[in-house]
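Below you'll find the structure, written out as C-alpha cells, and then a few comments.
2 protein chains.
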Amino acid sequence: MSQPSYVIGHQQPDTDTIISAVAYARLKQAQGEDAAPARAGAINPETQFVLDRWEVEKPALLEDAAGERLALVDHNEHSQTVSGAREAEITDIVDHHRIGDVETSSPIFFRNEPVGSTATILTRLYDEADVEIDAQTAGLLLSGLLSDTVVLRSPTTTDTDRTVAERLADIADVDYETYGKELLQQKSKLGEKEPREMVLGDFKEFEFGSHDVGIGQIETVEPDTVLEQREAVLEAMDEVVAEREYAVLVLLVTDLLEEESTALVAGDHAETVEAGLDVTLTDREAFLPGVMSRKKQVVPPLEDAFQ
Amino acid sequence: MSQPSYVIGHQQPDTDTIISAVAYARLKQAQGEDAAPARAGAINPETQFVLDRWEVEKPALLEDAAGERLALVDHNEHSQTVSGAREAEITDIVDHHRIGDVETSSPIFFRNEPVGSTATILTRLYDEADVEIDAQTAGLLLSGLLSDTVVLRSPTTTDTDRTVAERLADIADVDYETYGKELLQQKSKLGEKEPREMVLGDFKEFEFGSHDVGIGQIETVEPDTVLEQREAVLEAMDEVVAEREYAVLVLLVTDLLEEESTALVAGDHAETVEAGLDVTLTDREAFLPGVMSRKKQVVPPLEDAFQ
C-alpha cells in the first residue's frame, strides 16, 4: 500500500486551483488511489461562494508538505508551491501555465495544455479515464473554468474551453452566462478590503533570471473602487517590495467589462516594466488596453525584459 | 502564417527518439501545422535498420536550433537538447522521462507519462486527435516502443505499452516478438565498435546538484563482447571523464536476455555511486541483478546520492 497523496494547487489559491484539487482527488479516488484534496492558503470570497453553491467542504489546509506525496494542480513552479514542496515527492502535475522549475527524479504524469483553465484539462482526464462527471463535480469544474476565463472573455480562452463549458453547464444544469455573472460579482466585492489585501489577494511570485518579481491582479467590474485609493494601494505595494526584496511589483487592476487593465508599479525596476510592456509610466501608472491575462499578456513580456 | 517548427529528440538519438520525431511531425502535419522531423546526432545501426525496414528517410540533421520553433520529443532537459535549444522557442514536449529543467515563458503543450516509450504516448495522441495511424507509421511507432522496452521486458514496461504494442503490430502487420528479436540483434552488433564508441553510443549527461554525471548504456545479448575488453573500455571512460570534467561516468552493460547489468565506473565520485546503487565496486565494477533501466533504476538513486 503506497502512502496517500495530497492534490494541491498554488499559494494564494483561486477558484480554479481549489476546485481542481477537489476534482482531481475525486478522479484519483475513482481510479482506486488514496488521494485527498488540500490547499496552500486561505479561501477567497469567490471560491467560498462556489463551495457553498455546490455544497462542498473546503479542502484541508496543508501547512508543510515536506515528506508528503503531492499531485500539483494549476501551477508548476516552486515559487508558487506549498511550503515544503521541495522536500516532497511530486507524483503528478496538471496545469495550464508556462513550464516552470519543478524537477523530479523519476518519470511522472505531467499534463500541461495552453487552455483557459485547469478545470478544462481535468474534464478531459475524466473522459479519458472513462469516469462519469456527476452534477456536483461538473458545477465545480465549470466554476473553475468560468472564473479563470472571466466567463470565456479572457484572451486565454480557447474553443476547447467553450465546448467544455457548455457540456459542464449541461451536466450541472445551470445557464453558464447567468451563473458566470454571479461569479463575477463575487470577484468584485472589493469595498471592504484593506489596500494590502487588494495587493496580495490574487498574487504570484516569479523568478525572472536573478530577479524576484511579484505580479498581483484585481479582477473587478468596478475598477474605480481600487483606483480611488491609489495612494494607499501604492503605499501597500512599497511595503511588500521592501519586505520581500522584489525587483518590481506590478498590480493589474483589470476591468472585466471593458476588457482592459491599469497597471500600478512599485520597486526599483520600473523601467524594465516599461520596456517589457511597451508603455510609459505616468505617476507609477500605465493603461493597458485589451490586457486581461497576467499569464499570457504580462508574464512572458516581463520575463523577456528581465533576461 | 507562423514559422515552421522542427520536431526533434535528444542528442545521441536512439530509435524511440528518431521515430517519435517522424511520427509527431506527421501528426502535426495531419492537423494542418507546418512541422518537419529533425535529429540532433548520428543515426545508430538499430535505427538505420528500422528506417530501412519501413522505407522511411532519416530526418535532417539540425546543427543549431537557435531562433527556431521546436517540439521536443523523448527528452525534456537541456543537457540532452540539440545545440541552440536555449535560444529556441519550445512549443511542445512529449516525453516519458523525469521532469527536467526546460522552462518556457508561455503556456505550452507538455505531455509526460510514466510509460515505456514516447511512441506509446504518441499513439494515444493520434487517437485523441482522431488521426488514423497508417501501416508505415505503426511500424515506426512499434519499433520505438519495442526498442525502448526491450521487447516489453524492461521494468519500465506498463500494461498500456503492452496493449499499444499489440494494436500497432496489428496495423503494421508484423509479429511483434519476431520483429522485436530482429531489433535486439541490431542492438547487439558490437563486435566492430571501438571502446570509445561503446561508451558514447547511448549516452546521457545529467546535472545532479552541482555535479555533471554521464551515464552510458550498452544493451546487448552478448555482454562478454564488451567485458572482454574492459581495460580498453575503462581507459576510454577515463578519457571522457577528463575531457568533460564529469564527477563520475557510469557505463551499464546490460544483458538483455538475463535481464541484469554490469556497471563500470570512472571518475572521482565512485563512492557516491556505491552509496546510490547500494553496491561495492570491485576493480571499478559492480554487478546489478535485475537492473535494465537507466531511467528508472539508476538515475533516481544516483541523483539522490549526489544531493
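Chains as they are written, first to last, in UniProt numbering: chain A, 1 to 307; chain B, 1 to 307.
Cβ atoms here follow ideal geometry from the backbone N, Cα and C, with glycine treated the same way.
DSSP three-state assignment for M1 (chain A), whether helix, strand or coil: For the purposes of this step, residue 1 (chain A) is taken as residue 1 along the first sequence, with counting starting at 1. The pLDDT assigned to M1 (chain A) is 43, lower than 50, so where the model puts this residue is not dependable; a value taken from the coordinates is nonetheless given after this. Three-state DSSP puts M1 (chain A) in coil, outside helix and strand.
9 Å Cβ cut-off: residues of chain A touching R98 (chain B): Walking along the second sequence from the start, residue 98 (chain B) turns up at place 98. Per Cβ cutoff of 9 Å: E103, T104, S105, S106, P107, I108.
Contact list for D161 (chain B) against chain A, beta-carbon separation under 9 Å: For the purposes of this step, residue 161 (chain B) is identified with residue 161 of the second sequence, where counting begins at 1. Those within 9 Å of D161 (chain B) in chain A number zero; the least Cβ separation is about 13 Å.
Chain B residues whose Cβ lies nearer than 9 Å to that of V299 (chain A): For the purposes of this step, residue 299 (chain A) is identified with residue 299 of the first sequence, where counting begins at 1. In chain order: S105, S106.
Within the segment 234–286 of chain A, ranges of the beta strand (DSSP E) (whole runs, at least 3 residues): 248–255, 260–266
8 Å contact criterion, which residue 318 (chain A) and A247 (chain A) should meet: CB distance rounded: Residue 318 (chain A) cannot be examined here, being either before or after the span of chain A that is shown, 1 to 307.
Backbone CA spacing between I218 (chain B) and L251 (chain B) [nearest angstrom]: For the purposes of this step, residue 218 (chain B) is taken as residue 218 along the second sequence, with counting starting at 1. For the purposes of this step, residue 251 (chain B) is taken as residue 251 along the second sequence, with counting starting at 1. Going from the Cα of I218 (chain B) to the Cα of L251 (chain B) covers about 8 Å.
Beta-carbon spacing of R196 (chain B), A236 (chain B) below 9 Å: Along the second sequence, one-based indexing puts residue 196 (chain B) at 196. Along the second sequence, one-based indexing puts residue 236 (chain B) at 236. Result yes, Cβ atoms of R196 (chain B) and A236 (chain B) sit closer than 9 Å.
9 Å Cβ cutoff met for E77 (chain A) and R111 (chain A): By 1-based counting over the first sequence, the position of residue 77 (chain A) is 77. By 1-based counting over the first sequence, the position of residue 111 (chain A) is 111. Contact flag unset, no.
Touch test, the segment 10–28 of chain A against the segment 199–209 of chain A, Cβ-Cβ under 8 Å, three pairs minimum: yes
Alpha-carbon to alpha-carbon, L62 (chain B) and V273 (chain B): Your numbering for residue 273 (chain B) matches position 273 in the second sequence. Your numbering for residue 62 (chain B) matches position 62 in the second sequence. Rounded to the nearest angstrom, the two C-alpha atoms are 35 Å apart.
Residues bridged to H211 (chain A) [DSSP beta-bridge criterion]: In the first sequence, the residue the question calls residue 211 (chain A) occupies position 211. H211 (chain A) is bridged to A:F208.
Cα-Cα separation between P300 (chain A) and E103 (chain B), rounded to whole angstroms: To locate residue 300 (chain A), count along the first sequence from 1; it is residue 300. To locate residue 103 (chain B), count along the second sequence from 1; it is residue 103. Their Cα atoms are separated by approximately 12 Å.
Short CB-CB distance (under 9 Å) between E33 (chain A) and chain B: Counting from one through the first sequence, the residue named residue 33 (chain A) turns up at place 33. Taking Cβ atoms only, chain B never reaches closer than 9 Å to E33 (chain A), which makes this a no.
Listed by chain order, chain B residues near K295 (chain A) by CB distance under 9 Å: Position 295 of the first sequence, counting from 1, holds the residue named residue 295 (chain A). Correct list: S106, P107.
E197 (chain B), enclosing alpha helix (DSSP H) - first and last residue: Locating residue 197 (chain B) in the second sequence gives position 197, counting from the first residue. First-last of the alpha helix (DSSP H) with E197 (chain B): 195–200.
Buried versus exposed, by CB contacts within 10 Å (16 or more), E81 (chain B): Sequence index remark: in the second sequence, residue 81 (chain B) carries index 81 (1-based). Note on identity: in this sequence residue 81 (chain B) is Thr, with Glu being the wrong assignment. T81 (chain B) comes out buried.
Proximal chain B residues relative to P114 (chain A), where beta-carbon distance stays under 8 Å: Here residue 114 (chain A) corresponds to residue number 114 of the first sequence, with the count starting at 1. By Cβ distance, chain B contributes S106, P107, I108, F109.
In DSSP terms, what E219 (chain B) is bridged to: As a first step, residue 219 (chain B) must be located in the second sequence, where it is residue number 219. Looking at the DSSP assignment, E219 (chain B) forms a beta bridge with B:T254.
Own chain residues within Cβ distance below 7 Å of I121 (chain A), not counting five before or after: The residue you call residue 121 (chain A) lines up with position 121 of the first sequence. The residues are V94, H96, R111, E113, V115.
N- and C-terminal bounds of the beta strand (DSSP E) containing D92 (chain A): Position 92 of the first sequence, counting from 1, holds the residue named residue 92 (chain A). Run containing D92 (chain A): 89–95, per the beta strand (DSSP E) assignment.
C-beta atoms of G100 (chain B) and G84 (chain B) nearer than 9 Å: Looking up residue 100 (chain B) in the second sequence gives position 100. Looking up residue 84 (chain B) in the second sequence gives position 84. Not closer than 9 Å, so no.
Identified DSSP bridge partners for P155 (chain A): In the first sequence, residue 155 (chain A) corresponds to position 155, counting from 1. P155 (chain A) is not bridged to any residue.
Minimum Cβ-Cβ distance from M1 (chain A) to chain B less than 9 Å: Counted from its first residue, the first sequence places residue 1 (chain A) at position 1. Summary for M1 (chain A): the model assigns pLDDT 43, below 50, so the residue's position carries little reliability, and this model does not support an answer.
Under 9 Å between C-beta atoms of Y6 (chain A) and P45 (chain A): Position 6 of the first sequence, counting from 1, holds the residue named residue 6 (chain A). Position 45 of the first sequence, counting from 1, holds the residue named residue 45 (chain A). Cβ distance not < 9 Å, so Y6 (chain A) and P45 (chain A) don't count as in contact.
Candidates A:F49, A:T280, A:K28: closest to L70 (chain A) by CA position: To locate residue 70 (chain A), count along the first sequence from 1; it is residue 70. Closest option to L70 (chain A), Cα to Cα, is A:K28.
Three-way DSSP call (helix, strand, coil) for V164 (chain B) in this model: One-based indexing of the second sequence puts residue 164 (chain B) at position 164. Looking at V164 (chain B) - three-state DSSP - the assignment turns out to be helix.
C-alpha distance - M1 (chain B) paired with D34 (chain B), whole-angstrom precision: What you label residue 1 (chain B) is simply residue 1 of the second sequence in a count that begins at 1. What you label residue 34 (chain B) is simply residue 34 of the second sequence in a count that begins at 1. Residue confidence is low: M1 (chain B) scores 43 on pLDDT, short of 50, so the model does not pin down where it sits. Its coordinate-derived value is still stated next. Cα-Cα distance, rounded: 9 Å.
Residues from the UniProt domain "DHHA2" (180–306) of chain A in contact with chain B, defined by Cβ distance under 8 Å: K295, K296, V299, P300, E303, D304
Endpoints, the alpha helix (DSSP H) within which A119 (chain A) is located: Within the first sequence, residue 119 (chain A) is the residue found at index 119, counting from 1. From DSSP, the alpha helix (DSSP H) with A119 (chain A) extends over 118–128.
Cβ neighbours of A65 (chain B) in the same chain (closer than 6 Å, five flanking residues each side left out): Here residue 65 (chain B) refers to the residue found at position 65 when the second sequence is read from its first residue. The answer, listed in chain order, is V82, G84, A85, A88.
From A:L302, A:D161, A:L140, A:S210, residue whose alpha carbon lies closest to that of L56 (chain A): Locating residue 56 (chain A) in the first sequence gives position 56, where the first residue counts as 1. Here residue 56 (chain A) is Val; the residue named in the question, Leu, does not match the sequence. Among A:L302, A:D161, A:L140, A:S210, the Cα nearest to that of V56 (chain A) belongs to A:L140.
Close-in-space but distant-in-sequence residues of the same chain around A47 (chain A) (CB under 6 Å, 5 per side omitted): Within the first sequence, numbered from 1, the residue matching residue 47 (chain A) stands at position 47. According to the sequence displayed, residue 47 (chain A) carries Thr and not Ala. So the qualifying residues of the chain are T15, I18.
Which of helix, strand or coil DSSP assigns to V226 (chain A): Translated into positions along the first sequence, residue 226 (chain A) becomes position 226. Residue state, collapsed to three classes: helix.
Buried/exposed call for G214 (chain A), threshold 16 Cβ in 10 Å: By 1-based counting over the first sequence, the position of residue 214 (chain A) is 214. G214 (chain A) is buried by the Cβ-count criterion.
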